[in-house]
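Residue numbers for the sequence shown follow the working numbering, beginning at 36 and rising by one. Don't be surprised by glycine CBs; every beta carbon is placed ideally from N, CA and C. Everything below concerns the one structure shown next.
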Amino acid sequence: MRHSDAPALVLANLGTPKTPTTADVRTYLREFLSDSRVIEMPKAVWRPILEGVILRVRPAQSAAKYRTVWLDEGSPLLHYTTRQAELLSEQLGMKVVPAMRYGQPSLGSVLDDLMTQGYRKIAILSAYPQYSATTIASVNDAAAKWLLSRREHPEIRLSRSFPTASTYIDALESPIRESWELNGTPDFAGGDRLILSFHSIPVAMSKKGDPYIDECKETAALLRERLGLNEESCIATFQSVFGPAEWNGPATIDTVGELGKQGTRRVDIICPGFVADCLETLEEIDQLNRTAFTDAGGSEFHYIPWANEAQPAIDALAEQARNLLAGWGD
C-alpha cells in the first residue's frame, strides 16, 4: 500500500461506556479503574477492592446516572468528541479522528486503522487543557503500549497541555459573557458567584509532583483577569472525588451547598477542564450540584457549557493541533 505523506491527527479524550447499561458500565469502569495512572495503589491491594466491592456496586449506580444524560446519538462525550474531530478536519483540511483512552474507539484501534490507511505521520492531541499523569500521561502510555505491539512504527507526536493559551481563555470567556447577556450579569457586589469547577486529583499525586492543580490555578487566574473578577467573586473548586483518600479542594458540591446556606442568590458555574460535556458536567454539575445549591437556599443556578461544537473551543483545539503538527508537510 502506498503511504501518505500527509499527517493525521487523533483527538483523544477519556472514554465512555458503550451503552448506559450496568454490564457496559462495569466493563468501562474495570478498564478505567485498572489504570495504574488513575489508581496509584499496588495491584495486589487494589484488585480485590475493585473486583470485590466497587464493580459489584458502582456499575448499576453509574448506569442510572448515565441514562439521565444519554443522547439520541449515544454517549455525550463520544458524540461531542466526534463532532469536534469533524469540525477540526474541516478547519485544518486534514484527517482528524476521535479516540477514547478507555472504551471504544480505543486509541490502539484508531492508530491501527490509520496505519492501514497508509498514514505514517500521526499526531495525538490529548483534549485536556491541564496536564495530569492521570490523563495526558495515560494517553501517552497507551500510545507507547501500542508502539510496543507494532513491528512498523509511524512518526508520532504527543501533546502536552495548554492551560494558559490565549485561544483557550477566549473559549472560556466567550460563553460566560454570552450567558450573562442572556441571563443578566451576576450581582457580584451583592454576593453572586462564578465557580470554575475542575476535576480533582488526590493530594498524594500533587505531592509526588503532578502539576495539575498548579495549571488549574493558572487557568483560573487568567480567566479572572479577563473577566475583571477577584478570587472571592470567581472561585476555583474541584469535583468528582471518590473513595477515602484526601483530594484537592475545595470541593465543588460543598462550596455550592455552603453558598446556598449563606444566602447566596445566584451561582454560575463553568468546567474549564472538560473539553466535551460528559457525565461529570451534565449530571454531577448541572443536576447534582444544582440541587445541592437550591436545596441549601440558593435561587438561581446557571451551568455554562463552553466547548462541544462552539467555534471558540474548536479554534483553541485547532491552534494546539497546528502547534503539534508544525513542520510536517512543509
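{"Query": "Count the other C-beta atoms from every protein chain shown that fall within 10 angstroms of the C-beta of E250, then say buried if there are 16 or more, exposed otherwise.", "Result": "buried"}
{"Query": "Over what stretch of residues does the alpha helix (DSSP H) that includes E293 continue unbroken?", "Result": "T287 to K296"}
{"Query": "Below 6 Å CB to CB, which residues in the same chain sit around H114 once its five sequence neighbours on both sides are set aside?", "Result": "L106 and E108"}
{"Query": "Between which two residues does the alpha helix (DSSP H) holding K78 run?", "Result": "K78 to I84"}
{"Query": "Using 8 Å for Cβ pairs, my map puts S241 next to I248. What's the rounded Cβ distance?", "Result": "5 Å"}
{"Query": "What do you get for E23, buried or exposed, if any count of 16 or more other CB atoms within 10 angstroms of its CB means buried?", "Result": "What the structure shows of the chain is the stretch from 36 to 365, and residue 23 is not part of that stretch, so it cannot be assessed."}
{"Query": "Could you have a look at T170 and say whether DSSP puts it in helix, strand or coil?", "Result": "coil"}
{"Query": "In whole angstroms, what is the alpha-carbon distance linking A331 and R301?", "Result": "12 Å"}
{"Query": "Provide the residue(s) that pair with Q274 in DSSP beta bridges, ordered along the chain.", "Result": "H234"}
{"Query": "Give the straight-line distance between the Cα atoms of P237 and N283, rounded to the nearest whole angstrom.", "Result": "6 Å"}
{"Query": "Find out if the Cβ-Cβ distance for the pair Y203, A351 is shorter than 8 Å.", "Result": "yes"}
{"Query": "Give the DSSP-derived three-state secondary structure of D222 in the structure shown.", "Result": "coil"}
{"Query": "Would you call N218 buried or exposed, if buried means 16 or more other Cβ atoms sit within 10 Å of its Cβ?", "Result": "exposed"}
{"Query": "Apart from the five residues on each side of it in sequence, which residues of its chain come closer than 6 Å, Cβ to Cβ, to R155?", "Result": "H38 and P189"}
{"Query": "Check the C-beta distance from A43 over to K130 and give it rounded, since I have them as a contact under 8 Å.", "Result": "4 Å"}
{"Query": "Just to confirm before moving on: does the CB-CB distance between Q274 and S235 stay below 8 Å?", "Result": "yes"}
{"Query": "Excluding the five sequence neighbours on either side, which residues of its own chain have a C-beta within less than 7 Å of the C-beta of E267, listed in chain order?", "Result": "none"}
{"Query": "CA-CA distance, V291 and N324?", "Result": "7 Å"}
{"Query": "Let me know the secondary structure DSSP gives R228 once reduced to three states.", "Result": "strand"}
{"Query": "Specify, as a first and last residue, the run of the beta strand (DSSP E) that F336 falls within.", "Result": "E335 to Y338"}
{"Query": "With which residues is L122 paired in a DSSP beta bridge?", "Result": "Answer is none; L122 lacks a bridge partner."}
{"Query": "Looking at P210: is its Cβ nearer than 8 Å to the Cβ of I74?", "Result": "no"}
{"Query": "On the criterion of 16 or more Cβ atoms from any shown chain inside 10 Å, does N265 qualify as buried, or is it exposed?", "Result": "exposed"}
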